[in-house]
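In full-length UniProt numbering, the protein residues as written are 1 to 340.
A virtual CB, placed ideally from N, CA and C, is assigned to each residue, including glycine.
Being a predicted model, the structure only gives us computed values, none of them experimental.
What follows is a single structure, written as structure tokens, with notes after it.
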């Protein structure tokens, strides 16, 4: 019986991944690893096993995840290494760790599994009567401030298209775009650009939120120096605001006075309300979570407080018609007549 094949390219070498059940025998067709025209033949279970062993640091635990016998799993990994012509793992006394080549190829392996998952999701969407699934990734700031309006517009202008919205920080959005696991991503522009098509999206401005009893509460506005002098309650270290504050302190030859790290703006507001420190957040979000009489929202003087979000996407030729429709709606926000 002829099986459907998944074709892809790893470092210029083509391969065909043939789906099989975990218990089926694997047929390996080898050719010189150094040949640019060599074709690699392995099934998706082997790719999933490679990822599982890398994640677990152990053949035994990786095999358990896929319900394989350890001996069969070990044989699959050895065959994969033979075909690729490189060692994927260092064999350690108490486990396994990826080699440099293994780490590089692991990213491709994850991309393959994400592609297959997207294919399954899209197929299920069409079976359910939808016109397709579009994966959009964005940071919390964009999700709260902008995307509710834009997704509503998409629902009106792109009926039948389902949006899978994934909230993550801007650095994770960029990583997802590079891996190809999302169709469209929105990220904060100060983190640099991804080598993919981009367009301006929206802008916001940061403010310093303090309690009524804080030493800065009677100010009309604050400077960069005021912010750096303040004990701050900040988001996780990978968030764009935290990265920006740490960069700001470093440029000034200062150490950021970070009192606590939390996961959300509402948590910052709860701690600020008790006068445990100040919090930096977008003005629109500050109005929502720190709009009561217990808080003072202070504009920050400085170009760094103005943030510009970027709309980024996979190349047009790789996007489905559903993704292109959603992209067109989101791109309208760069136009003057769009809602800001």
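For the 8 angstroms Cβ check, are there 3 or more pairs between the region 249–259 and the region 183–199?
-> no
ask   = Which residues in the same chain have their Cβ closer than 6 angstroms to the Cβ of residue 265, if we skip the five residues on either side of it in sequence?
value = 281, 285, 289
| message | Let me check understanding here. Comparing Cα to Cα, which of 117, 119, 179, 60 lies closest to residue 105? | response | 179
What separation, rounded to the nearest whole angstrom, lies between the Cα atoms of residue 318 and residue 251? 40 angstroms
* Answer yes or no: do residue 74 and residue 59 have a C-beta to C-beta separation smaller than 8 angstroms? => yes
Task: Residue of 236, 210, 277 minimising C-alpha distance to residue 296 - done: 210
Sequence ranges, beta strand (DSSP E) only - wholly within the region 146–198, length at least 3 = 161–167, 184–188
query: Given a threshold of 16 other Cβ atoms within 10 Å of its Cβ, counted over all protein chains shown, does residue 96 qualify as buried or as exposed?
result: buried
Practice prompt. Quick one: grab the DSSP three-state call for residue 264.
Written response: coil
Item checked: Where residue 64 falls: helix, strand or coil (DSSP) -> helix
Hey, out of 57, 226, 68, whose CA is closest to residue 93's CA? 57
_Selection from 230, 206, 174 that minimises the alpha carbon distance to residue 195_ = 174
Next item on the list: In angstroms with no decimal places, state the Cα-to-Cα distance between residue 309 and residue 64.
Entry: 43 angstroms
Nearest candidate by alpha-carbon position, reference residue 291, set 208, 229, 43, 314: 208
Given this structure, state the Cα-to-Cα distance separating residue 306 from residue 293, to the nearest angstrom. 25 angstroms
### Message
Our contact map puts residue 77 next to residue 49 with C-beta atoms below 8 angstroms; I'd like the distance itself, whole angstroms only.
### Response
7 angstroms
Practice item. Please report how far the alpha carbon of residue 315 lies from the alpha carbon of residue 267, in whole angstroms. Key: 38 angstroms
If distances are taken between C-alpha atoms only, which option among 214, 304, 253 comes closest to residue 244? 304
Quiz item: Taking residue 163 as the reference, which of 137, 142, 146 has the closest Cα?
Solution: 137
### Task
Express the C-alpha separation of residue 79 and residue 28 in angstroms, rounding to a whole number.
With a pLDDT of only 37 at residue 28, under the threshold of 50, the placement of this residue in the model should not be trusted; the figure read from the coordinates follows. Roughly 8 angstroms separates the two Cα atoms.
* In terms of residue numbering, what span does the alpha helix (DSSP H) encompassing residue 307 cover? -> Counting along the chain, residue 307 falls outside any alpha helix (DSSP H), though it belongs to the beta strand (DSSP E) covering 306–313.
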